[in-house]
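Written below as structure tokens is the structure these notes are about.
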Ligand code: PSV
Ligand code: MN
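Residue numbers (our numbering): 326 to 750.
Here it is in structure tokens:
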């Protein structure tokens, strides 16, 4: 299924009158307070978030999985799904592939298809947390950290293979997330595990083309429940520094212990020019992979406030790579991703409204009440008309979920593809 611009334009006619009055109201209000509304709308329109190939089907838990009809069965269909999201929002202009699930059989056809959807290939992801059928070495007791030299070499070689595939697709980065760790005290020598990981990452880093970046993800626990070798941002930061200037830390919102101050981590990494990538999701307890903004929208706003500050002030930090890393167990995956995209852009737009000059003055005067008010004024603004303005400007749908339902996208996908199960997590 392809959603053409003419269909969206047609659909937008229904809501444009309401939009105009909502937008005028907000524009007047924001202009009065000194905001540059058209600049903000342009920034929202430019913001692109990568969609991971493994999040387009129904997710599951270890207790089961409830299939959602019309899931993409092959890589080409995954790209088509991201294409649908991008047509509806104009903010999902990239796809992130996971090898070995997404090995292309016809590279040039795949690139052609990406181009036709207006997509680029974002970070490539390696997988050394599972043994694949026919695997010659096992990752059961670790991969890049393994005490077994053969397993380590096998995992390094896999990452090199991912780089090779990524090069063909014009991707420019590799994300490494390791499940490596220990389930029980005494199982691993922490220092040996860390030093093996460092050596392996350096080998992978050395294999990357000059214009590639390496993103090192961290996570405190799961699937190992006693220790994870790259457990936190500090460990990732240390390893990134050891690898070199094109290695960076990747922050996944779900990869923190409860109540961790993630916005402060963002600020610290950007100050040092080492925040490379970002995985959005939300959580109540652990790595719950819930829809972005569904549980802690204020925390998301505070994180975006630091991101916006860092993008503006830390020119030593490269522009971060954005991706949604969520799982959809009971919702239609595409609707869930549309909700996540909306939540990301809302938090971004609110952060763009923060009066940075006034905030600085309040901080210098130790005006705690004033500083809080400045942040909360921005957070409490209903910025949705700004998102709609950006979408109208780029030819996307005024209300993507309503359009998705109206155009009967899921029903069409089910009739086209049936009930095959998507590959992925
Ligand atoms: C596992 O927690 C995880 O969600 C990581 O965040 C990776 O980014 C993703 O899986 C895919 O490997
Ligand atoms: Mn992640």
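Where is the CB? At the ideal position from N, CA and C, for every residue including glycine. Quick caveat: nothing in here was measured; it's all calculated off a predicted structure.
Touching or not, the region 572 to 590 and the region 535 to 543, by the rule of three or more beta carbon pairs under 8 Å?
yes
Does the separation of the CB atoms of residue 761 and residue 632 fall below 8 Å?
What the structure shows of the chain is the stretch from 326 to 750, and residue 761 is not part of that stretch, so it cannot be assessed.
Hey, would you say the C-beta of residue 660 is under 7 Å away from at least one heavy atom of the ligand PSV?
no
Would you check if the region 482 to 500 and the region 402 to 418 touch, i.e. whether three or more CB-CB distances between them fall below 8 Å?
no
Start and end residues, alpha helix (DSSP H) containing residue 412
400 to 414
Less than 7 Å between the CB of residue 495 and some heavy atom of the ligand MN, yes or no?
Residue 495 Cβ: outside cutoff for every heavy atom of the ligand MN.
Using a threshold of 7 Å, is the CB atom of residue 577 nearer than that to any non-hydrogen atom of the ligand MN?
Taking non-hydrogen atoms of the ligand MN into account, the C-beta of residue 577 is found less than 7 Å away from one of them.
Can the beta-carbon of residue 401 be found closer than 8 Å to that of residue 438?
yes
Do you know offhand how far residue 651's Cα is from residue 350's?
34 Å
Examine the Cβ distances between the region 675 to 689 and the region 594 to 609 and report whether three or more of them are shorter than 8 Å.
no
Just to confirm before moving on: does the CB-CB distance between residue 639 and residue 598 stay below 8 Å?
yes
Specify the secondary structure class of residue 558 as computed by DSSP and reduced to three states.
Residue state, collapsed to three classes: helix.
Beta carbon of residue 542: closer than 7 Å to some heavy atom of the ligand MN?
yes
Rank 526, 680 and 707 by C-alpha distance to the C-alpha of residue 697 and give the top, closest one.
Ranking 526, 680 and 707 by Cα distance to residue 697 puts 680 first.
Tell me whether residue 337 is buried or exposed, calling it buried when 16 or more other Cβ atoms sit within 10 Å of its Cβ.
buried
Continuous beta strand (DSSP E) stretch holding residue 576: start and end
572 to 577
Looking at C-beta atoms only, is the number of pairs between the region 466 to 485 and the region 429 to 447 that lie closer than 8 Å three or more?
no
In the structure shown, what three-state DSSP assignment does residue 607 receive?
Residue 607: strand per DSSP, three-state reduction.
Reduced DSSP secondary structure (H/G/I, E/B, other) of residue 533
Here residue 533 carries a coil assignment [DSSP, helix/strand/coil].
Give the C-beta separation of residue 507 and residue 551 to the nearest angstrom, bearing in mind that I take them to be a contact with Cβ-Cβ under 8 Å.
Correct: roughly 5 Å between the Cβ atoms.
With residue 378 as the anchor, note down where its alpha helix (DSSP H) starts and where it stops.
No alpha helix (DSSP H) contains residue 378, which DSSP labels as neither H nor E.
Can you give me the start and stop residues for the beta strand (DSSP E) that residue 286 sits inside?
Only positions 326 to 750 of the chain appear in the structure, and residue 286 is not among them; the question remains open.
Residue closest to residue 583, alpha-carbon to alpha-carbon, out of 595, 620 and 563
620
Residue 604: beta carbon under 7 Å from a heavy atom of the ligand PSV?
yes
Within 10 angstroms of the Cβ of residue 477, are there 16 or more other Cβ atoms? Answer buried if so, exposed if not.
buried
Return helix, strand or coil for residue 553, following the three-state DSSP convention.
strand
In angstroms, rounded to a whole number, what distance separates the CA positions of residue 786 and residue 690?
What the structure shows of the chain is the stretch from 326 to 750, and residue 786 is not part of that stretch, so it cannot be assessed.
If you follow the alpha helix (DSSP H) that residue 422 is part of, which residue opens it and which one closes it?
Unbroken run through residue 422: none, as it is neither H nor E.
Under 8 Å between C-beta atoms of residue 568 and residue 499:
no
So, with DSSP's three-state summary, where would you put residue 450?
strand
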